[in-house]
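Working notes, structure below.
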Amino acid sequence: MTGPTGAPSLHPVASGVLIRGGRVVDATGPRVADVLVEGGRIAAVGGDLAAGMPSGVTVLDASGCVVAPGLVDLHTHLREPGDEEAETIHTGARAAARGGYTAVIAMPNTDPPLDDAAVVAAVLARGADAACEVVAGGCITRGREGRELAPLGELHDLGVRVFTDDGACLSDAGVMRRAMEYARSLPGAVIAQHAEDPALCGHGSMHEGAWSARLGVPGRPAEAEAVIVDRDLRLAALTGTPLHVLHVSTAQAVESIREAKAAGLAVTAEATPHHFTLTDAACAGFDPVFKVHPPLRTAADRDAVRAGLADGTLDAIATDHAPHRTEEKERPFEEAPPGMLGLETALALTLTELVEPGLLTLEQALGALSWRPAAIAGLSDRHGGPIAPGGVANLCVFDPAATWEVDPTKLASRARNTPFAGRKLTGRVRHTVLAGRPTVVDGRCADGG
Ligand code: DOR
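So, in structure tokens, the structure goes:
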């Protein structure tokens, strides 16, 4: 079977899907129920729907599992166009589906970048038959150079809601102000900032602190994040435009965002699994797999990020899935590109690191992985639930007790740069359903991968 672009379709047309025997968890709370899906939508939710089911219905066993709205990643690098050896739209979407995601926001730092309507339209067309919904993020400035605004209105017409120069910080306050003023007129638009002042970061490759001093590696100070976050909060207040802070990594930024929210500002923020799990001590062996921007920070910063997720200061868990070719990631630490994989480990890291120790409830964790990012990206009409008749059937079924070990050779991503290789995790995706069609069944992509 082929999809509209001629690529193999991952979604066998199912006449109906019955998700049987799971515990449904969405923003309305938990209940034990079967979920029947027909024509891409949820047809029924209730006790033992199997009785009298027609023979054509595909039954997905969910015993012992949580049935949740599909996860939504606000921050995925798909690398297409430009670096398809690292990842393509289709391989990245398969990785997303394996991780329980039904939608990802594709970051615009591709080559060419998503600063132009034609490029965005091409990415959307390529993604139309992918294993998850591929939502385009758009650049704030032309070429992500921080000078001239991209055609935000034209990109918005194509459905872009999240605008960012991610990978680069928009450091010119005047350009940031103009972008926010323009975005204010675009319904649902949010300006998302990679908050790291380039002047303070210089050529730093890791967090500036005791470890960078000991290793002799130039650092990126926590203040580089703090000064941009503080400035942008002021610009958000000045313009009234919603601000989203990408991959928050420092205690200082968490505190600034907490105060801004208390003051009623329209600000949202995300944290990555690597920032709430790892610290700069991981860089001690000079392994570039631990190099990322913003960098892994101190244990105090990691704990502040965890606390920010627990009290809702940080709205979303986003992966910053950043695939890189192996030969690139094997260069010396200071020359290797920053970034690490995330899509296939995010849910399990959240369950293992935050839910199991009691820092977050399961509902809070799923809120941060699904319905809150869906709301930030303007996708709540079809992602994030609630799981009720009439809703679009974007669903994730996972076993919260299953244990597994991360093996980079078994990932669906084309790249291998996970910092979690060999780590034992609890919680594993069993099935993913995209608009009524299974994209992952029993942990394998529906095309067998
Ligand atoms: O480490 C990172 N890698 N941080 C970013 O913001 C960009 C990303 C990439 O594109 O590789």
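If you use our numbering, the sequence shown corresponds to residues 182 to 630, in order. All C-beta atoms in this analysis are idealised placements derived from N, C-alpha and C, irrespective of residue type, glycine included. Bear in mind that the values here come from a model prediction, so they are computed numbers and not experimental data.
Return yes when at least one heavy atom of the ligand DOR lies under 6 Å from the C-beta of residue i, else no.
i, result
"residue 598", "no"
"residue 348", "yes"
"residue 474", "yes"
"residue 384", "no"
"residue 276", "no"
"residue 520", "yes"
"residue 290", "yes"
"residue 503", "yes"
"residue 375", "yes"
"residue 564", "no"
"residue 632", "With the chain covering only 182 through 630, there is no way to say anything about residue 632."
Would you list the one or two residues that DSSP bridges to residue i?
i, result
"residue 586", "605"
"residue 579", "247, 610"
"residue 374", "426"
"residue 286", "316"
"residue 381", "Answer is none; residue 381 lacks a bridge partner."
"residue 549", "Per DSSP, none; premise fails for residue 549."
"residue 204", "213, 247"
"residue 518", "Partner(s): none; residue 518 has no beta bridge."
"residue 257", "287, 502"
"residue 343", "371"
"residue 387", "400"
"residue 137", "Only positions 182 to 630 of the chain appear in the structure, and residue 137 is not among them; the question remains open."
"residue 449", "425"
"residue 223", "218"
"residue 600", "Its beta-bridge partners do not exist; DSSP assigns none."
"residue 621", "613, 626"
"residue 573", "222"
"residue 322", "330"
"residue 252", "282"
"residue 491", "DSSP output for residue 491 lists no bridge partner at all."
"residue 497", "451"
Count the other CB atoms within 10 Å of the CB of residue i; is the residue buried (16 or more) or exposed (fewer)?
i, result
"residue 493", "exposed"
"residue 384", "exposed"
"residue 489", "buried"
"residue 530", "buried"
"residue 444", "exposed"
"residue 461", "buried"
"residue 437", "buried"
"residue 192", "Low per-residue confidence applies at residue 192: pLDDT is 47, beneath 50, and the placement is therefore not dependable enough to give any value."
"residue 263", "exposed"
"residue 259", "buried"
"residue 592", "buried"
"residue 185", "With a pLDDT of only 33 at residue 185, under 50, the local geometry of the prediction cannot be trusted, and no value is derived from it."
"residue 609", "buried"
"residue 620", "buried"
"residue 187", "Annotation note: pLDDT 34 at residue 187 (below 50); position unreliable, no value reported."
"residue 605", "exposed"
"residue 534", "buried"
"residue 419", "exposed"
"residue 299", "exposed"
"residue 625", "exposed"
"residue 423", "buried"
"residue 507", "exposed"
Quick one, are the C-beta atoms of residue i and residue j less than 7 Å apart?
i, j, result
"residue 571", "residue 552", "no"
"residue 638", "residue 204", "An answer regarding residue 638 cannot be provided, because it is not within the stretch 182 to 630 covered by the chain."
"residue 536", "residue 543", "yes"
"residue 381", "residue 360", "no"
"residue 623", "residue 245", "no"
"residue 221", "residue 559", "no"
"residue 456", "residue 519", "no"
"residue 342", "residue 525", "no"
"residue 296", "residue 320", "yes"
"residue 249", "residue 274", "no"
"residue 310", "residue 374", "no"
"residue 632", "residue 224", "Because the chain is modelled from 182 through 630, residue 632 falls outside the range shown and cannot be assessed."
"residue 268", "residue 454", "no"
"residue 347", "residue 427", "yes"
"residue 358", "residue 416", "yes"
"residue 243", "residue 307", "no"
"residue 495", "residue 448", "no"
"residue 122", "residue 255", "Within the shown structure, residues of the chain are numbered from 182 to 630, placing residue 122 beyond reach of any answer."
"residue 498", "residue 434", "no"
"residue 317", "residue 349", "no"
"residue 122", "residue 481", "There is no way to answer for residue 122, as the model of the chain reaches only from 182 to 630."
Should residue i be listed as close to the ligand HEM, given that the test is whether its C-beta is under 6 Å from any heavy atom?
i, result
"residue 499", "Judged by which ligands are present, the ligand HEM is missing from the structure shown, whose ligands are the ligand DOR."
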